[in-house]
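Asker:
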C-alpha cells in the first residue's frame, strides 16, 4: 500500500481513489509532464497474474475511442507494475446519486453505448459493466474504464464468488460470459440511470421504478432496455453494436416526435440535412443500395461502405438487418450462401454448405485472378471466391467524381467523407 506524498518513479502519490480485490487506484501527480493522473497498481504477485495484466493493457491500448479511458503509460517501477491513466472528475455511480435531467441522461447513455459498441466491434467483452467503471470528465464526457481485465476478473469471480453481482448477467455468474452479458449489464446501468432503481432478480416486467422510467423516456427507448434485460441471452441484442443501433433509432424518433412548432403553429419542415439525404437517395439509392442508416448520424448508408459518408463513422451499417441470406461473423455484413469468403473484410473462409452457385443480377465484372474469374458485385473489396483483393477502382454510376486517396467513385456534392477509405472529401 502506497502512502500520500510517496514517490514512485516520476509519480507522486496524492491519495487513494479506490481499492478492490485485483488492484488499487491512486490519484497521483506526474512530476515531469505536470499533470494529474490515475495510477492503477495490480495486487497480483505471481508471474501469471502479471502476464495477464500486461496482455490486457496491450488490448486496452488498442481501443482508441473518445469514450474509452486512455492508458497513458504502463511499466514496471520500483518492483510495481504501474498503469497510468487519465484522471476524471467522478464516476457515473457518483453522478447518478444526484438528480440528472433526461436530456443529460440520454447523452450519457449514448456515450456509454458508443464505448461498449466499439469494444464489441473489436471482439472484446468487458465483463464488468457498472456505473463505477464509467468515468466523467469536464464537459460531461463519459469514458468507459477497466477494459481488458475480463479474464482475470472472471478467474477471481469463479474462485472466490466475488464480483459486481448487482449488474452481472446470469450466464456470466455461471462462468459463461458473452457479448450479451455486457448488453444485460448495460441495460441495468441505463435502467437505473433513468428510473433511479436497480432491478433485481427475477427481473419480472414491469420492474421497480417503471413509473418513473415511463414518465421520463418514450416507449421506444423503454423497449430497448426491456430487450437488453431479458434473462435469456438469446432474446437480448447480440452485442452492444446492435443495441446502440436500436437506441439511436429510438432516440432519433423521440426527437422527431418533439420537433418544435413554427410561429404559425405548424410543425417545422424537414431540416436541410434531411433534404440533402432525400435528394441523395433519389439519385443513388438503387446504385449503392443505401437501405440502412448510420449508427451515429442516421444518414443513408449501405453495407458495402467502410465509413459513413456523412459523419465518417466506421462500419456505419453494422447491426442492421442484412438483405442477404447470411452475414459475416467478423464484420457482420451480408454474404451469399455460395461465397467462400467475405467480400467486404479479409479473413478465413466459410464452411461450404453446398456446391450450388446462385446467380445474381448485381454481378457486373469478373475477378482479375486468371485462376478464378469469379463474378464480382460493385464495391467489393475482396473476391468472394478466391479472396484476392480487388485492385480496380470502383466507379459510382451517376457520378464522374473519384476520391483523391483511393480512386473509388464518390458523390462529392453530397458526401463529407469517402465511404470507401474515410478520406475527407475536398469540395471544388
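Residue numbers (this note's numbering): 1 to 428. Yeah, the Cβ is synthetic: ideal placement off N, Cα and C, and Gly gets one too. Values in this document were obtained by computation on a predicted structure and should not be read as measured data.
1. Below 8 Å on the Cβ atoms is my guess for residue 144 versus residue 67; work out the distance and round it to an integer in Å.
2. Based on the DSSP secondary-structure assignment, which residues constitute the bridge partners of residue 73?
3. Where does residue 225 sit, in a helix, a strand or coil, going by DSSP?
4. Work out the CA separation of residue 234 and residue 160 for me, nearest whole Å.
5. State yes or no: is the C-beta of residue 87 within less than 7 Å of the C-beta of residue 7?
6. Report the residue from 123, 194, 133 and 306 whose alpha carbon sits nearest the alpha carbon of residue 101.
7. Residue 244 and residue 236 look like a contact to me (Cβ under 8 Å); what is the Cβ gap, rounded to whole Å?
8. Thinking C-alpha only, which one of 322, 309 and 374 is nearest residue 426?
9. Measure the Cβ-Cβ separation of residue 303 and residue 333 and say whether it is below 7 Å.
10. Kindly indicate which residue of 32, 366 and 80 has the alpha-carbon position closest to the one of residue 54.
11. Have a look at the DSSP bridge pairing and note the partners of residue 11.
12. Kindly indicate the opening and closing residues of the alpha helix (DSSP H) around residue 179.
13. Which residue's Cα is closest to the Cα of residue 406: 398, 391 and 399?
14. Assuming contact is defined by CB atoms lying nearer than 7 Å, are residue 203 and residue 120 in contact in what I supplied?
15. Quick one: grab the DSSP three-state call for residue 283.
16. DSSP has residue 365 in a bridge; who is on the other side?
17. Terminal residues of the continuous beta strand (DSSP E) containing residue 436?
18. Give the straight-line distance between the Cα atoms of residue 34 and residue 61, rounded to the nearest whole angstrom.
19. Name the residue from 366, 219, 131 and 146 whose alpha carbon lies nearest to the alpha carbon of residue 196.
20. Determine the burial state of residue 215: buried for a count of at least 16 other Cβ atoms within 10 Å of its Cβ, exposed for fewer.
21. Quick check: residue 347 and residue 422, are their CB atoms within less than 7 Å of each other?
22. Could you name the residues of the same chain whose beta carbon sits closer than 6 Å to that of residue 420, not counting the 5 residues immediately before and after it, in chain order?
23. Using the rule of at least 16 other Cβ atoms within 10 Å of the residue's Cβ for burial, across every protein chain shown, is residue 219 buried or exposed?
24. Which of the three DSSP states is assigned to residue 371 in this structure?
25. Which same chain residues, not among the five before or five after residue 238, have their C-beta less than 7 Å away from its C-beta?
26. Enumerate in chain order the residues of its own chain whose CB-to-CB distance from residue 212 is below 7 Å, with the five nearest sequence positions on each side excluded.
27. Is it right to say residue 339 is buried, meaning 16 or more other beta carbons lie within 10 angstroms of its own, or is it exposed?
Answerer: Concretely, from the data shown:
1. Taking the first residue of the chain shown as 1, we reach residue 144 at position 144. Taking the first residue of the chain shown as 1, we reach residue 67 at position 67. With 8 Å as the limit, residue 144 and residue 67 qualify as a contact, their Cβ atoms being about 6 Å apart.
2. Position 73 of the chain shown, counting from 1, holds the residue named residue 73. 84, per the DSSP bridge assignment.
3. Position 225 of the chain shown, counting from 1, holds the residue named residue 225. In this structure, residue 225 counts as helix in the three-state DSSP scheme.
4. Residue mapping note: residue 160 aligns to position 160 of the chain shown, counting from 1. Residue mapping note: residue 234 aligns to position 234 of the chain shown, counting from 1. The predicted position of residue 160 is uncertain, since its pLDDT is 33 and thus under 50; a value taken from the coordinates is nonetheless stated next. Whole-angstrom Cα-Cα distance: 28 Å.
5. The count along the chain shown starts at 1 and reaches residue 87 at position 87. The count along the chain shown starts at 1 and reaches residue 7 at position 7. No. Outside cutoff.
6. The residue labelled residue 101 in the question sits at position 101 within the chain shown. Residue 101 has its Cα closest to that of 194, out of 123, 194, 133 and 306.
7. For the purposes of this step, residue 244 is taken as the residue at position 244 of the chain shown. For the purposes of this step, residue 236 is taken as the residue at position 236 of the chain shown. So it is not a contact: roughly 13 Å between Cβ atoms.
8. Translated into the one-based positions of the chain shown, residue 426 becomes position 426. Answer by Cα proximity: 309.
9. Residue numbering aside, residue 303 sits at position 303 when the chain shown is read from its first letter. Residue numbering aside, residue 333 sits at position 333 when the chain shown is read from its first letter. Result yes, Cβ atoms of residue 303 and residue 333 sit closer than 7 Å.
10. Here residue 54 refers to the residue found at position 54 of the chain shown. Out of 32, 366 and 80, 80 has the C-alpha closest to the C-alpha of residue 54.
11. Residue 11 sits at position 11 when you count from the first residue of the chain shown. In DSSP, residue 11 forms a bridge with 8 and 30.
12. Counting from one through the chain shown, the residue named residue 179 turns up at place 179. Segment 179-195, the alpha helix (DSSP H) holding residue 179.
13. Counted from its first residue, the chain shown places residue 406 at position 406. Answer by Cα proximity: 391.
14. Taking the chain shown and counting its residues from 1, one reaches residue 203 at position 203. Taking the chain shown and counting its residues from 1, one reaches residue 120 at position 120. No.
15. In the chain shown, residue 283 corresponds to position 283, counting from 1. Helix, per DSSP.
16. Residue 365 sits at position 365 when you count from the first residue of the chain shown. As computed with DSSP, residue 365 is found in a beta bridge with 376.
17. Here the chain comprises residues numbered 1 to 428, so residue 436 is not present and cannot be evaluated.
18. For the purposes of this step, residue 34 is taken as residue 34 along the chain shown, with counting starting at 1. For the purposes of this step, residue 61 is taken as residue 61 along the chain shown, with counting starting at 1. Their Cα atoms are separated by approximately 22 Å.
19. Along the chain shown, read from residue 1 onward, the residue named residue 196 stands at position 196. Among 366, 219, 131 and 146, the Cα nearest to that of residue 196 is on 131.
20. Sequence index remark: in the chain shown, residue 215 carries index 215 (1-based). Exposed, because fewer than 16 other Cβ atoms sit within 10 Å of the Cβ of residue 215.
21. Position 347 of the chain shown holds residue 347. Position 422 of the chain shown holds residue 422. No, Cβ-Cβ distance for residue 347 and residue 422 is not below 7 Å.
22. Taking the chain shown and counting its residues from 1, the one referred to as residue 420 is at position 420. 306, 406 and 408, listed in sequence order.
23. Here residue 219 corresponds to residue number 219 of the chain shown, with the count starting at 1. Classification for residue 219: exposed.
24. The sequence position of residue 371 within the chain shown is 371, counting from 1. Note: residue 371 maps to coil in three-state DSSP.
25. Walking along the chain shown from the start, residue 238 turns up at place 238. Taken in chain order, the residues that qualify are 179 and 180.
26. Indexing the chain shown from 1 puts residue 212 at position 212. Result list for residue 212: 195 and 196, in chain order.
27. For the purposes of this step, residue 339 is identified with residue 339 of the chain shown, where counting begins at 1. It counts as buried.
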